[in-house]
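Under the working numbering, think of the first position of the sequence shown as 1367, with each following residue one higher. The C-beta atom is built at its ideal place from N, Cα and C for all residues, glycine as well.
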Amino acid sequence: DEGGFAPPIKSPTEALDLISKAIEENVYSDQVKLAIDAAASEFYTGTQYKIEPDKILNSDKLINYYKDLIKKYPIVSLEDPFDQDDFSAYKELRKQVKIQIVGDDLLVTNKSRIEHAIKDKLCNCLLLKVNQIGTLTEAMQAFNLATKAKWNTMVSHRSGETEDTFISDLSVALGCGQIKLGAPCRGERTTKINRLLKIEEELGNKARYAKF
């Protein structure tokens, strides 16, 4: 529903193998790393995680599964690896891996959930969605909490996105260095990428003018 490429594959590793092969064949291995949005609440059964039709894991086994993926592939960021309320699993994974753990469903850009995640060390990156929390003021409060905790912040689009480019400007203004825009194949995605390119051009011109 967001324009992503969804071939008929049977497992997460098959997807990662295809992506890794594409990166290698196009000689981008030194420039491209992988970030996964597991969206684990979508395959959580209430007690376990059904990651494949015949593969169901509890939280501990899923942690080991993620660790194996991180060892095998150049994964630098993992979003929503568990159900939004599986706090103990988040805490344990956070102890065992060094990569970025992003909270989306876990945090929902909500101040009280962010404070809980900071206190219990559940993740180390906020997925910032302005139209999820409802106002720019609340979004900035969430960003300030994350920054104070020395977390990273990733500004993000949402499902049902429009062609409004505000989040591109916001990501640059906050200096967070990360933005999630989706597959570059439809207008509501490419318009934000184009806005980032325009901002880069404008900032480059200002830098050149400042030298004279």
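Collapsed DSSP secondary structure at residue i in the structure displayed
{"i": "Phe1578", "result": "Any reading at Phe1578 is ruled out, since the residue's pLDDT is 45, under 50, leaving its predicted position unreliable."}
{"i": "Gly1500", "result": "coil"}
{"i": "Leu1493", "result": "strand"}
{"i": "Gly1469", "result": "strand"}
{"i": "Leu1400", "result": "strand"}
{"i": "Asn1571", "result": "helix"}
{"i": "Lys1376", "result": "coil"}
Length of the line joining the Cα atoms of residue i and residue j
{"i": "Lys1376", "j": "Ala1404", "result": "15 Å"}
{"i": "Asn1424", "j": "Lys1438", "result": "21 Å"}
{"i": "Thr1557", "j": "Asp1383", "result": "29 Å"}
{"i": "Ala1549", "j": "Leu1493", "result": "17 Å"}
{"i": "Phe1409", "j": "Pro1419", "result": "10 Å"}
{"i": "Lys1433", "j": "Gln1450", "result": "19 Å"}
Cβ of residue i within 7 Å of any chain D Cβ
{"i": "Met1506", "result": "You won't find chain D in this structure, because it holds only one protein chain."}
Of the listed residues the options, nearest to residue i (C-alpha basis)
{"i": "Gly1469", "options": "Gln1462, Lys1461, Lys1495", "result": "Lys1495"}
{"i": "Pro1447", "options": "Lys1477, Ala1401, Asn1476", "result": "Ala1401"}
{"i": "Ile1436", "options": "Ala1512, Asn1424, Leu1536, Ser1386", "result": "Ser1386"}
{"i": "Asp1396", "options": "Phe1409, Thr1413, Pro1440", "result": "Pro1440"}
{"i": "Thr1413", "options": "Asp1452, Ile1389, Leu1536, Glu1380", "result": "Asp1452"}
{"i": "Pro1378", "options": "Cys1551, Thr1513, Lys1421, Lys1485", "result": "Lys1421"}
{"i": "Leu1473", "options": "Ala1381, Thr1519, Ala1539", "result": "Thr1519"}
{"i": "Glu1504", "options": "Asp1530, Trp1517, Lys1477, Lys1427", "result": "Lys1477"}
{"i": "Lys1427", "options": "Arg1561, Phe1532, Pro1419, Leu1459", "result": "Leu1459"}
{"i": "Leu1502", "options": "Lys1514, Val1463, Ser1525, Ser1537", "result": "Ser1537"}
Run of the beta strand (DSSP E) containing residue i, from where it starts to where it stops
{"i": "Val1463", "result": "Run containing Val1463: none; DSSP gives neither H nor E here."}
{"i": "Glu1445", "result": "1441 to 1445"}
{"i": "Thr1528", "result": "Note, Thr1528: premise wrong, no beta strand (DSSP E); not H, not E."}
Supposed close pair residue i, residue j - CB separation, criterion 8 Å
{"i": "Ile1480", "j": "Ala1455", "result": "With a Cβ gap of about 18 Å, Ile1480 and Ala1455 do not count as contacting."}
{"i": "Cys1542", "j": "Val1521", "result": "6 Å"}
{"i": "Ser1525", "j": "Asp1367", "result": "6 Å"}
Where the alpha helix (DSSP H) containing residue i begins and where it ends
{"i": "Lys1433", "result": "1425 to 1438"}
{"i": "Lys1485", "result": "1477 to 1486"}
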